[in-house]
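Reading through the structure tokens given below for one structure.
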Amino acid sequence: MLPKAAMKDFDFDQLHRDILAAARQAFTDVLTQRPVDDLCAFAIYSDSGAMTVCPAMCTTEFLAEKARDAPDEYLFYKYSPSEWPLEGAGAEEAFGRICRMLREHLFHDIDDSDQAFHAFQQRLIETCVQAQAELRESFFAERADDFLLLVTISDDDEPAQALQSRVKRLNNARIADEFDAWALTWSNA
Numbered sequence: 148m149l150p151k152a153a154m155k156d157f158d159f160d161q162l163h164r165d166i167l168a169a170a171r172q173a174f175t176d177v178l179t180q181r182p183v184d185d186l187c188a189f190a191i192y193s194d195s196g197a198m199t200v201c202p203a204m205c206t207t208e209f210l211a212e213k214a215r216d217a218p219d220e221y222l223f224y225k226y227s228p229s230e231w232p233l234e235g236a237g238a239e240e241a242f243g244r245i246c247r248m249l250r251e252h253l254f255h256d257i258d259d260s261d262q263a264f265h266a267f268q269q270r271l272i273e274t275c276v277q278a279q280a281e282l283r284e285s286f287f288a289e290r291a292d293d294f295l296l297l298v299t300i301s302d303d304d305e306p307a308q309a310l311q312s313r314v315k316r317l318n319n320a321r322i323a324d325e326f327d328a329w330a331l332t333w334s335n336a
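In structure tokens, the structure reads:
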């Protein structure tokens, strides 16, 4: 439960709806600009200050290049949206409005305590996960079962356990197992 100072005047239900609409628009924007539908992953990410929500998309071509040119780093590129070729692409205005709303709330409506901020950040990430889960069942339902969905914090070293939990919630068992095995190579978990 968020402390009252973190919840003051912030509508997470509206944020959820805004993320859904912006994500759909971003994916459609990018898809219509590409000659071939080679999109294989969609991420929603924030920053460590909880002031942004942005999209990122990955292509099969990008991953094939990484598998060929940097096979030891392939899984890093696969599971790192900030490295993807379509990072921040699509629905710029819609995501810009979301970011402005988050910044406004953080600068004016949330108290300065670490507890209030961390509670807000956790609720923000959970809202992004819920939006991705809904997109999986609706907007991305016709995509292949191995279409990757992620929610991350772009500029922070999140605990592997938090990332593993999200990957498992949003993807099939094969992807979750692959991510878990990769996480063992870099985490202390």
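Each residue of the sequence shown is one higher than the one before, starting from 148 at the first, in the numbering used here. Don't be surprised by glycine CBs; every beta carbon is placed ideally from N, CA and C.
Quiz item: Between the C-alpha atoms of T332 and D156, what's the straight-line distance to the nearest angstrom?
Solution: Looking at the two C-alpha atoms, the distance is approximately 42 Å.
Quiz item: By DSSP, does P218 sit in helix, in strand, or in coil?
Solution: Assigned with DSSP and collapsed to three states, P218 falls in helix.
Self-check item: Backbone secondary structure at Y192 - three-state DSSP
Solution: Note: Y192 maps to strand in three-state DSSP.
Quiz item: Per DSSP, what kind of secondary structure is T175 in: helix, strand or coil?
Solution: Of the three classes helix, strand and coil, the one that applies to T175 here is helix, per DSSP.
Quiz prompt | Pick from W231, P218, V314 that is closest to F209, judged by C-alpha positions | solution = Of the listed residues, the one whose Cα sits closest to F209 is W231.
Exercise. Give the DSSP-derived three-state secondary structure of T199 in the structure shown.
Key: Of the three classes helix, strand and coil, the one that applies to T199 here is coil, per DSSP.
Quiz item: Among all the DSSP beta bridges, which residues are the ones paired with V298?
Solution: Paired residues: I191.
Quiz item: For D165, which of helix, strand or coil comes out of DSSP?
Solution: DSSP places D165 in helix when its eight states are reduced to three.
Quiz prompt | Nearest-angstrom Cα separation, counted from D219 out to H255 | solution = Rounded to whole angstroms, H255 to D219 spans 45 Å at the Cα level.
Quiz item: Going along the chain, which residues of its own chain have a beta-carbon closer than 7 Å to the beta-carbon of R283, five neighbours each way excluded?
Solution: For R283, the CB contacts under 7 Å within the same chain, skipping 5 residues up- and downstream, are L296, L317 in chain order.
Quiz item: Looking at C-beta atoms only, is the number of pairs between the stretch 231-240 and the stretch 166-183 that lie closer than 8 Å three or more?
Solution: Pairwise C-beta distances place the stretch 231-240 in contact with the stretch 166-183, as three or more of them are shorter than 8 Å.
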